[in-house]
Amino acid sequence: MSAEDRQDIRLPGGRWRLWEQFSLRGPGFPVDGVKELAPEELALHAEKFDHTHPLTGPDWDTFETTFADTAAQTARKLQTFAATDDFTTALAWQNRTVLRTGIRPFLDRTPTPTNRSSMPRQREELVAHYRQRFCVKNDTIGFFGPVGWGTINPTTTGIHTHHGTGLTDHTTTFFSSWSIDALAKTLTTHPGLMDWIPPRRTPFARITHHHDHTTVTIPGRPPKTVPPHLTPLLTHINGTTTPHQLAETTHTPLDHTRQHLTELARHRWITWRLDIPSGPHPEQQLRTILNRINDPHLRNHALTHLNTLEDQRTTVHNADRNPHHLTQALHTLETHFTDITHTASQRNKSTRTAPNRSLLYTDTRRSTTATIGHTILDAMAPLGPLLDSAAWLMAELATVVRREADEVFDQLAASVDGEVDLGAFWLACMPVLHGGARSAAEEVAAEFRRRWAHLLPLPTGARRVRIDGSDLAAGVAAEFPAAAPGWTAARYVSPDVLVVADSTGAVARGDFSLVLGEMHLATNTMAASLFVSQHPDPAELFTLTDRDHPAPRLLPMLPKEHSSRLSVRVQNVLVRPEDYLVALRDQTADPYRPRTVLSADASVVRRGGRLLTVLPDGAEFDVLDVFGHVLTTLAMDLFRLFPDADHVPRVTIDRMTVQRESWRFTGDDLDFADEKNEARRWIRARNWRTRHDLPRYAFIVSPTEPRPFYVDFEAPVYINILAKAARRLARNNPGATLTLTEMLPTPDQTWLTDEHHNTYTSELRFVAVDQEHVQGGVPSW
1 MSAEDRQDIR
11 LPGGRWRLWE
21 QFSLRGPGFP
31 VDGVKELAPE
41 ELALHAEKFD
51 HTHPLTGPDW
61 DTFETTFADT
71 AAQTARKLQT
81 FAATDDFTTA
91 LAWQNRTVLR
101 TGIRPFLDRT
111 PTPTNRSSMP
121 RQREELVAHY
131 RQRFCVKNDT
141 IGFFGPVGWG
151 TINPTTTGIH
161 THHGTGLTDH
171 TTTFFSSWSI
181 DALAKTLTTH
191 PGLMDWIPPR
201 RTPFARITHH
211 HDHTTVTIPG
221 RPPKTVPPHL
231 TPLLTHINGT
241 TTPHQLAETT
251 HTPLDHTRQH
261 LTELARHRWI
271 TWRLDIPSGP
281 HPEQQLRTIL
291 NRINDPHLRN
301 HALTHLNTLE
311 DQRTTVHNAD
321 RNPHHLTQAL
331 HTLETHFTDI
341 THTASQRNKS
351 TRTAPNRSLL
361 YTDTRRSTTA
371 TIGHTILDAM
381 APLGPLLDSA
391 AWLMAELATV
401 VRREADEVFD
411 QLAASVDGEV
421 DLGAFWLACM
431 PVLHGGARSA
441 AEEVAAEFRR
451 RWAHLLPLPT
461 GARRVRIDGS
471 DLAAGVAAEF
481 PAAAPGWTAA
491 RYVSPDVLVV
501 ADSTGAVARG
511 DFSLVLGEMH
521 LATNTMAASL
531 FVSQHPDPAE
541 LFTLTDRDHP
551 APRLLPMLPK
561 EHSSRLSVRV
571 QNVLVRPEDY
581 LVALRDQTAD
591 PYRPRTVLSA
601 DASVVRRGGR
611 LLTVLPDGAE
621 FDVLDVFGHV
631 LTTLAMDLFR
641 LFPDADHVPR
651 VTIDRMTVQR
661 ESWRFTGDDL
671 DFADEKNEAR
681 RWIRARNWRT
691 RHDLPRYAFI
701 VSPTEPRPFY
711 VDFEAPVYIN
721 ILAKAARRLA
731 RNNPGATLTL
741 TEMLPTPDQT
751 WLTDEHHNTY
761 TSELRFVAVD
771 QEHVQGGVPS
781 W
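In the UniProt record's numbering, the protein residues as written are 1 to 781.
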């Protein structure tokens, strides 16, 4: 189906068009996995012990005996779960050290009411912690977070699901980019191999040819004259010409060419190394590079090592969900990798590295697909005004950055003789993008919340706030006047929507509501490799992209990874041949790819009061598109309607909850956390929950915990985990607060099933595209 023939699915108001494709996100383990850790009979026994009943005496002694028996039963349930192939396989992918040091010793014991000492309880909590992650977190990774897909069909009603055979129907096993980079670095130590690796110009090194000499300018430094013996070589370096070819072209002996390349690299005018282009299949990119080596001995030597790792990857992939075969195959792969590269097969956690710490990772596709009809679409009507306000937020951020960028340009233009090149402009803007822009983002977000507070004032002490959406659009238009998006990606917002219903039948009867999850601003998250690789027909996603962008885009090349927010797995792979890629600092694209531009070869001009990037072929784009990734990173998490407070009520617009109820507490506020006796701790936690009138199910976010975690106040093991987190917060960060947010939908409000009628938590990830400012060519709006 062509882009022109696609359905035009609009939210009320008409500004926002939805992709008809959406992602069905959910865990790979049924929700019953956590529900069974809250014994109903224990809760019945506990009801008498409210805050007025002493936790002493015969009744208490009886309860403690019951609690100990039940705790041992829960431990045995956790053992049963931990011994399953699926759990063991999932943990083998996540952390084999934990599997060996934590899980196996746990399985070797027989829990009884009297032998649950400190270490066995810690291991119970370990399994329970992984269990909540695998059962109620809508993550997307491996078979324990498979990517599902769905379609919007406005001619139908409700939700319809189609179950395939088994949980998943497709799995891809990927090399982490760092592992193939390590192999490439090792291969370059083999004598003679680098003679076949083309050097590249440094992206920001500007070369200027004068009538009698050549200069190179690095931003922030005065121009340097290129020594005459290096000029012919530097002129011919383009990222695709090998040293052998350069030597022939410049009529220079190969050994002199090597020396000259080393000298150019020392000046930082070029790079000469085996760089693997960024992408989800780095091993394929490496193979392409190695196949260009015109020396059979060198080529075969290098390919032998790559073949070995690829063969072992295939063995890992074929192990599927057999934990014994998987662990053996992973161990063998790691041994070969270390032998070949002399590099550790696991990376340590670091704030500077992406989350893929192992050699391999997998992404899988859920076999269940879904179709939603107009009843869900109608209930999504409040999204329209919310997206309008999000567009204002992004436009305001762009306005601030544009103003700062204009000042940088004026300073540069006054200091250079001739045009301002993009490389110099980019580096001069770094203090703005990583300093002033961050402060601006916080100020814009604060103003955003202030305007929403004016639009939707929350009554003091209210628990539930219900709003009629019919008057919302006018209020939003007044508070958040429409403005053109500041950069191309700002036409996108990817909202998560959760359906609150206990079955698809309930949805058909109209017995459902919606919850707004995260709003991912300035990004089409479904363009990420982890989604595209698991779509049954990725060409469909490219067709949708063509509809959004009928003209070329200018996209900055991104590093392969940087911190937990950036890795190849989450990078945009819906990049078309007609799109331009510009290398700002790192060259991470294939140099053989057309429309790949070095920043030093592009210029920045002011035209009609607006800064434009002009590419070597004359194409023009708004300069903020060059900053697209930085701006998206700043904007992505800014959408919060209400400021942090000790209590925020649940806010519902028509049938969509846009704010879950939440509370903030210090670690010391959880007065049950220091209780040594496990039974008393649970009772005191129940009474604390009653005193604060908190929901049974919640998610906790704490500054001392790596990620949010689930709590069920009826499940003693999850109270133990919560208490430990509270103690850690009070000890490490006194005065800091954790946030408790109601779980909505609850574990009992799950409509997604598999072929065996197991139920799963889920959310729908949509892509919304701003149609008020469509792309009409270059510049992009």
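Ideal placement from N, C-alpha and C gives every residue a C-beta, glycine not left out.
Three-state secondary structure (DSSP) of residue i
| i | result |
| --- | --- |
| T351 | Because the pLDDT at T351 is just 44, under 50, the model does not fix this residue reliably, and the point stays unresolved. |
| R576 | coil |
| L78 | helix |
| Q7 | coil |
| T690 | helix |
| P495 | strand |
| L18 | strand |
| P779 | Unreliable placement is indicated for P779, whose pLDDT of 42 sits below 50; the coordinate value is still reported in the next sentence. In this structure, P779 counts as coil in the three-state DSSP scheme. |
| L744 | coil |
| V605 | strand |
| W663 | strand |
| A482 | coil |
| E41 | helix |
| I237 | coil |
| D388 | helix |
| I218 | coil |
| F709 | strand |
| E561 | coil |
| G13 | coil |
| Y760 | strand |
| F621 | strand |
| T161 | strand |
| W23 | Reading the sequence as shown, one finds Ser at residue 23 and not Trp. S23: strand per DSSP, three-state reduction. |
Where the beta strand (DSSP E) containing residue i begins and where it ends
| i | result |
| --- | --- |
| H209 | R206 to H209 |
| S176 | Element bounds for S176: n/a, residue is neither H nor E. |
| D212 | Segment: none, D212 is in no beta strand (DSSP E) and carries neither H nor E. |
| D378 | Looking at the DSSP string, D378 is not in any beta strand (DSSP E); the run it does join, the alpha helix (DSSP H), is H374 to A379. |
| M519 | S513 to L521 |
| W149 | V147 to I152 |
| T652 | R650 to I653 |
| D108 | Premise fails: D108 is in no beta strand (DSSP E) and is neither H nor E. |
Unbroken alpha helix (DSSP H) run spanning residue i, endpoints
| i | result |
| --- | --- |
| A302 | P296 to A319 |
| H535 | Note, H535: premise wrong, no alpha helix (DSSP H); not H, not E. |
| P556 | First-last for P556: L554 to P556, but that is the beta strand (DSSP E), not the alpha helix (DSSP H). |
| Y130 | S118 to V136 |
| residue 863 | Residue 863 is absent from the structure shown; the chain starts at 1 and stops at 781. |
| A698 | Run containing A698: none in the alpha helix (DSSP H); it sits in the beta strand (DSSP E), Y697 to V701. |
Nearest to residue i (by Cα), restricted to the options the options
| i | options | result |
| --- | --- | --- |
| W452 | A441, G436, V476 and E443 | V476 |
| H549 | D770, W60, A319 and P198 | D770 |
| P577 | R585, E561 and R595 | R595 |
| L694 | R664, A265, V717 and E675 | R664 |
| A381 | T652, G33 and A685 | T652 |
| S599 | Y130, F425, P58 and D496 | F425 |
| E41 | T739, A71 and W19 | A71 |
| D644 | A92, N733, T737 and G14 | T737 |
| D421 | V623, S176, F639 and Y718 | V623 |
| S503 | D496, V497, F512 and L126 | F512 |
| L298 | I721, R366, L193 and W272 | L193 |
Distance between beta carbons of residue j and residue i, contact taken as under 8 Å
| i | j | result |
| --- | --- | --- |
| M636 | A522 | 6 Å |
| E419 | S603 | 5 Å |
| R464 | R686 | Actually they are not in contact, since the Cβ atoms of R464 and R686 sit about 23 Å apart, beyond 8 Å. |
Cβ of residue i within 7 Å of any chain D Cβ
| i | result |
| --- | --- |
| R660 | No chain D is present in this structure, which holds just one protein chain. |
Worksheet item: Does the pairing of the segment 438-448 with the segment 209-226 give three or more beta-carbon distances under 8 Å?
Response: Under the three-pair Cβ rule at 8 Å, the segment 438-448 does not count as touching the segment 209-226.
Discussion item. Could you check whether the segment 754-766 touches the segment 703-715, counting it as contact only if at least three pairs of C-beta atoms, one from each stretch, sit closer than 8 Å?
Written reply: Segments in contact, no.
Worksheet item: With a cut-off of 8 Å, do at least 3 Cβ pairs link the segment 83-90 to the segment 317-326?
Response: Flag = yes, the segment 83-90 and the segment 317-326 touch.
Fill in: the segment 25-35 in contact with the segment 125-138 per 3-pair CB rule at 8 Å
The segment 25-35, when compared against the segment 125-138, does touch it at the 8 Å Cβ threshold.
Practice prompt. Take every Cβ of the segment 356-374, pair it with every Cβ of the segment 448-464, and state whether three or more of those distances are shorter than 8 Å.
Written response: Cβ pair count under 8 Å is below three, so no.
Worksheet item: Three or more beta-carbon pairs under 8 Å between the segment 466-484 and the segment 527-543, yes or no?
Response: The segment 466-484 and the segment 527-543 do not touch, with fewer than 3 CB-CB distances between them shorter than 8 Å.
Worksheet item: Would you say the segment 719-738 touches the segment 143-154, given that touching needs at least three Cβ pairs under 8 Å?
Response: Not touching, per the Cβ criterion.
Worksheet item: Using 8 Å as the Cβ pair cut-off and three pairs as the minimum, do the segment 175-190 and the segment 331-343 touch?
Response: Contact between the segment 175-190 and the segment 331-343 is established, with three or more Cβ pairs separated by less than 8 Å.
Item to complete: Determine, using beta-carbon pairs with one atom in the segment 92-109 and one in the segment 118-132, whether at least three such pairs fall under 8 Å.
Response: Judged by Cβ distances under 8 Å, the segment 92-109 makes contact with the segment 118-132, as three or more pairs qualify.
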